[in-house]
Amino acid sequence: RSGAFGRKGVAINFITNDERQTLHHIEQYYNTQIEELPMDIADLI
Numbered sequence: 149r150s151g152a153f154g155r156k157g158v159a160i161n162f163i164t165n166d167e168r169q170t171l172h173h174i175e176q177y178y179n180t181q182i183e184e185l186p187m188d189i190a191d192l193i
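FYI, the numbering for the sequence shown is 149 to 193, going by this note's numbering.
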């Protein structure tokens with residue numbers, strides 16, 4: 149979900165351990181780092 153009509157939004161993806169390497173390849177391709185969210189994400193929404 150993304151923000152709409154001026155409201156906050158957040159997209160959360162869950163991955164398995166097997167998908168970590170794929171995520172790493174995506175990070176390298178886009179030259180970015182995707183950080184793990186903290187357990188308490190209430191402030192994000």
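The beta carbon of each residue, even a glycine, is placed where N, CA and C say it ideally should be. Computed from a predicted model, the values in this text were never measured in an experiment.
Please report the residue range of the alpha helix (DSSP H) in which residue i lies.
i	result
Gln181	Premise fails: Gln181 is in no alpha helix (DSSP H) and is neither H nor E.
Report the option in the options whose CA atom is closest to the CA atom of residue i.
i	options	result
Leu185	Phe162, His173 and Leu171	Phe162
Arg168	Lys156, Ile182 and Ile160	Ile182
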